[in-house]
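Numbered continuously in this note's numbering, the sequence shown closes out at residue 429. Where is the CB? At the ideal position from N, CA and C, for every residue including glycine. No experiment lies behind these values; they were computed from the predicted model shown.
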Amino acid sequence: MAVLVIAEHDNRTIKPATLNTVAAAAQLGAEVTVMVIGSGCADAAQAAARIAGVGKVLVADAPHLGDQLAENVAAQILAVAGQYTHILAPATANGKNVMPRVAAKLDVAQISDIMSVESADTFKRPIYAGNAIATVQSADPVKVITVRTTAFDAVAADGGSAAVEKATAVADSGKSTFVGREVAKNERPELTAAKIIVSGGRGLGSAEKFKAVLEPLADKLGAAMGASRAAVDAGYAPNDWQVGQTGKIVAPQLYVAVGISGAIQHLAGMKDSKVIAAINKDEEAPIFGVADYGLVADLFAAVPEMVKEIG
C-alpha cells in the first residue's frame, strides 16, 4: 500500500489544509508521499519535506503548472497514479476542482469529504448536509479521496526530514488558459484556519450594520469574520466569508453566530466548532439547538454591550 497526498500551496509555503490531509493519510498505516505541483515551488517542497510523518516529497515544477489549472494538475497526478493505492487531497476549492478529474480518468468512484478513516478501504463521510454519516467501502484499486480538513487534527509542520525527488512534468494540456486573479486582501485571520470566528446573518439588516456591529467584536476577539449564505446573497458580506454547505467548512475554537437563524446548510459548515455562542431574538431559532451558549436578545443592543464588557 502506498499513499499520495496532493499538497495545497502558493509555490512558496504549504497551506494548513495539507497538514490535516497528511494526518488523515497517516491513519492508513503506510508511508506518506506528498506531491508538490507548481512553478518555482522549491521552497514549498522543502516545507513539505519538514512535515512530520512524511516519507518522501515529489516535485513537479514547470511554468504551466504555476497557476494550478485543474487540467494540468490532474494530468500530473495521473502520471504517477499507478504507483499508489490511495490519492488524497484537501476538500477545498482546489481539491474539489482537481480530484474528480483524476477519479474519472482512473475510472474509479471518488470518495468525497471523508471525516474518518476506518480501514484502508472504509471511510466515513457526511451526507444530507451532515445530518447523517455514511460508511463507505471501496473495492477500487485506487482510492481517490478528498478530506474534510476540520475532522483531522493537523500534524506538525516541522520535525520531518523527507527526501525530495523531482518528477517529470507533464506537457501543457492547452485546454485552459490562466487569464488573471483578483486576490482579496484581509488583515484578519484566514477563515478556515481561524481559532475564533464572528459570523453574521440576515438579521443584521444591511451591509453597513454588518460592518458597524460585527467588526468591533471581531477586533476585540482577534477573530475572522464569516457570514451565512442569506447574508452573502443579500450583499451584506463578500462571498469568501460564506460559511456552510455551499461555502466554507470551519471548526474554530469559538464560533459566535449573530443574527443567524441556523438553516441546515449553515449548520453543516460550522457545527463541529468546539464552542458555539449564538445571539438571536427568536428563541425558537434552530441555531440554539447546536449552541453551547445562547442569548435571546436584540443583537443591536447585545453585541455593543459585549464589546464594552470585553474592554
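My guess is that residue i and residue j are in contact by the Cβ rule of under 8 Å, so how many angstroms apart are they, rounded?
| i | j | result |
| --- | --- | --- |
| residue 345 | residue 361 | 7 Å |
| residue 387 | residue 365 | 6 Å |
| residue 207 | residue 132 | Actually they are not in contact, since the Cβ atoms of residue 207 and residue 132 sit about 13 Å apart, beyond 8 Å. |
| residue 235 | residue 146 | 6 Å |
| residue 253 | residue 135 | Not really, about 24 Å apart at Cβ, beyond 8 Å. |
| residue 314 | residue 340 | 6 Å |
Would residue i and residue j be called neighbours here (beta carbons separated by less than 8 Å)?
| i | j | result |
| --- | --- | --- |
| residue 231 | residue 244 | yes |
| residue 127 | residue 150 | no |
| residue 130 | residue 170 | no |
| residue 399 | residue 421 | no |
| residue 278 | residue 347 | no |
| residue 122 | residue 182 | no |
| residue 138 | residue 272 | yes |
| residue 425 | residue 397 | no |
| residue 349 | residue 306 | no |
| residue 239 | residue 228 | no |
| residue 173 | residue 280 | yes |
| residue 120 | residue 246 | no |
| residue 359 | residue 309 | yes |
| residue 354 | residue 330 | no |
Below 6 Å CB to CB, which residues in the same chain sit around residue i once its five sequence neighbours on both sides are set aside?
| i | result |
| --- | --- |
| residue 390 | 268, 369 |
| residue 395 | 374, 411 |
| residue 223 | 196 |
| residue 428 | 338 |
| residue 109 | Look at the range of the chain in this structure, 119 to 429, and you will see that residue 109 is not part of it. |
| residue 218 | 228 |
| residue 213 | 207, 264 |
| residue 403 | 379, 380 |
| residue 287 | 178, 180 |
| residue 274 | 170 |
| residue 409 | 394, 396 |
Taking 8 Å as the limit between beta carbons, can you name the residues of its chain near residue i, skipping five residues before and five after?
| i | result |
| --- | --- |
| residue 285 | 153, 176, 177, 178, 194, 197, 198 |
| residue 164 | 282 |
| residue 257 | 239 |
| residue 259 | 203, 226 |
| residue 221 | 227, 228, 262 |
Give me, in chain order, the residues of the same chain whose beta-carbon lies closer than 7 Å to that of residue i; leave out the 5 immediate sequence neighbours on both sides.
| i | result |
| --- | --- |
| residue 159 | 127, 129, 177, 179 |
| residue 270 | 138, 141, 142 |
| residue 352 | 320 |
| residue 215 | 188 |
| residue 401 | 414 |
| residue 334 | 425 |
| residue 290 | 182, 190 |
Quiz item: For the segment 201-286, which segments carrying the beta strand (DSSP E) assignment without a break, of at least 3 residues, lie completely within its bounds, in sequence order?
Solution: Restricting attention to beta strand (DSSP E) runs no shorter than 3 residues, the segment 201-286 encloses them at 204-208, 229-232, 234-237, 240-245, 250-255, 261-265, 281-284, ordered along the chain.
Review point. Would you call the segment 292-299 and the segment 374-389 in contact, with 3 or more CB pairs under 8 Å?
Key: Verdict: no, contact absent.
Worksheet entry | Segment contact, 8 Å Cβ cut-off, at least three pairs: the segment 189-196 with the segment 316-328 | The answer is no - the segment 316-328 does not touch the segment 189-196, with fewer than three Cβ pairs under 8 Å.
Q | Touching by the beta-carbon criterion (3+ pairs, under 8 Å), the segment 129-148 and the segment 263-282 | A | In short, these stretches touch, since the Cβ pair count reaches three.
Margin query: Restricting to runs no shorter than 4 residues, where is the alpha helix (DSSP H) found entirely within the segment 321-382?
Written below: For the segment 321-382, whole alpha helix (DSSP H) runs of length 4 or above, ordered along the chain, are 325-339, 347-351.
| task | Taking only runs that begin and end inside the segment 159-185, name each unbroken beta strand (DSSP E) of 3 or more residues, in chain order. | result | Positions of the beta strand (DSSP E) runs, each at least 3 residues long and wholly inside the segment 159-185, are given as 172-179 in order along the chain.
Ranges of the beta strand (DSSP E) found wholly within the segment 390-416, counting only runs of at least 3
Complete beta strand (DSSP E) runs here, min 3: 393-398, 411-414.
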